[in-house]
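Enquirer: Chains as they are written, first to last, in the working numbering: chain B, 244 to 357; chain H, 10 to 121. Where a beta carbon is used, it is the ideal one built from N, C-alpha and C, also for glycine. Source: prediction; values computed, not measured.
Next up, the structure:
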């Protein structure tokens, strides 16, 4: 099983709303990631969690707040977003291969900020 | 810095072979990856190759790696309409956290 699940599939929110994206994996992976993907572009890394600790924050604005409650779950809390934050948000998890990683992606949450 | 380059479009006829090319800059990358993304979907890990290998074959997929030229290719044999998608080449980013650096993606169109 190489499944990463994400909820919701679609989300429409106003600029004053607070919402959360959720991600789950049961593969025992200890590294989890959030990526943002705009239309016709590659994914861009936002955050990396390693053993439930935040290890990389790619200078993401504070209106995005990640959380890793346990080794299977990863959340992304959203507050006061801007229309330009509309994108596909992808969660991923990785298995360590020794000298590299095998990374699996979820189906994404399509976010629209109005 | 790290950079991954791909051509943006490829069009082939059903039944032909497709070859998608990629160049990368980070010679320390130990693994190189190919992902497939269909419209509205997430990224599917197709295959990856360890940097000490020249070739890897997996059913209809063949990956060739030229480490000297930092060139990676993905060959899809007997291309089908279901192979129409965007294909991303990726290398491991700096550090040990497994983050990936993606190319811009190659849109493969398969004509019946």
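When we look at the beta-carbon of residue 343 of chain B and count the other beta-carbons within 10 Å, is it buried (16 or more) or exposed?
Expert: By one-based count along the first chain, residue 343 of chain B stands at place 100. By the neighbour-count rule (16 or more Cβ atoms within 10 Å), residue 343 of chain B is buried.
Enquirer: Residues of chain H with a CB under 8 Å from the CB of residue 351 of chain B: which are they?
Expert: Here the question's residue 351 of chain B lines up with position 108 in the first chain. Neighbours of residue 351 of chain B on chain H, chain order: 50 and 51.
Enquirer: Just the Cα atoms here: how many angstroms apart are residue 21 of chain H and residue 77 of chain H?
Expert: One-based indexing of the second chain puts residue 21 of chain H at position 12. One-based indexing of the second chain puts residue 77 of chain H at position 68. C-alpha separation (whole angstroms): 29 Å.
Enquirer: To be precise: take each residue of the stretch 61–88 of chain H, compare its Cβ to all Cβ atoms of chain B, and keep it if any distance is under 8 Å. Which residues remain?
Expert: Hits within the stretch: zero.
Enquirer: Spell out the partners DSSP gives residue 340 of chain B in its beta bridges.
Expert: The count along the first chain starts at 1 and reaches residue 340 of chain B at position 97. According to DSSP, which records beta bridges pairwise, residue 340 of chain B is partnered with nothing at all.
Enquirer: Can you confirm whether residue 108 of chain H, when its beta carbon is compared against all beta carbons of chain B, has any partner nearer than 7 Å?
Expert: Position 99 of the second chain holds residue 108 of chain H. With 7 Å as the cut-off, residue 108 of chain H counts as an interface residue toward chain B.
Enquirer: Rounded to whole angstroms, what's the CA-CA distance from residue 333 of chain B to residue 282 of chain B? Just pull it up for me.
Expert: As a position in the first chain, residue 333 of chain B is number 90, starting the count at 1. As a position in the first chain, residue 282 of chain B is number 39, starting the count at 1. Near 13 Å, if we compare the C-alpha coordinates of residue 282 of chain B and residue 333 of chain B.
Enquirer: Note the first and the last residue of the continuous beta strand (DSSP E) segment covering residue 225 of chain B.
Expert: The structure shown does not extend to residue 225 of chain B, since chain B is modelled only from 244 through 357, so no value can be given for it.
Enquirer: Mind reading off the beta-carbon distance from residue 353 of chain B to residue 321 of chain B? Whole number of angstroms is fine, and I expect it under 8 Å.
Expert: On the first chain, residue 353 of chain B is found 110 positions in, with the first residue counted as 1. On the first chain, residue 321 of chain B is found 78 positions in, with the first residue counted as 1. About 13 Å; that fails the 8 Å criterion.
Enquirer: Write down every uninterrupted run of the beta strand (DSSP E) in the stretch 21–101 of chain H whose length is 3 residues or greater and which is fully enclosed by it, in chain order.
Expert: Correct list: 27–33, 40–46, 52–59, 64–67, 70–75, 80–85 and 94–101.
Enquirer: Would the C-beta of residue 100 of chain H count as close to the ligand SAH, meaning under 6 Å from any of its heavy atoms?
Expert: Looking at this structure, you won't find the ligand SAH or any other ligand, since it has none at all.
Enquirer: At what residue ranges does the stretch 250–323 of chain B contain a whole run of the alpha helix (DSSP H), taking only runs of 4 or more?
Expert: Listed in chain order, there is nothing to give.
Enquirer: Give the DSSP-derived three-state secondary structure of residue 327 of chain B in the structure shown.
Expert: For this step, residue 327 of chain B is matched to residue 84 along the first chain. Of the three classes helix, strand and coil, the one that applies to residue 327 of chain B here is helix, per DSSP.
Enquirer: For residue 272 of chain B, is the classification buried or exposed, using 16 other Cβ atoms within 10 angstroms of its Cβ as the cut-off for buried?
Expert: Mapped onto the first chain, residue 272 of chain B falls at position 29. It is buried - the Cβ of residue 272 of chain B has at least 16 other Cβ atoms within 10 Å.
Enquirer: Are the C-beta of residue 288 of chain B and some C-beta of chain H separated by less than 7 Å?
Expert: On the first chain, residue 288 of chain B is found 45 positions in, with the first residue counted as 1. At least one chain H Cβ lies under 7 Å of residue 288 of chain B.
Enquirer: If you reduce the DSSP assignment to three classes, tell me which class residue 16 of chain H lands in.
Expert: Taking the second chain and counting its residues from 1, one reaches residue 16 of chain H at position 7. It is coil, neither helix nor strand.
Enquirer: So, with DSSP's three-state summary, where would you put residue 246 of chain B?
Expert: Against the first chain, residue 246 of chain B aligns to sequence position 3. Here residue 246 of chain B sits in coil by DSSP.
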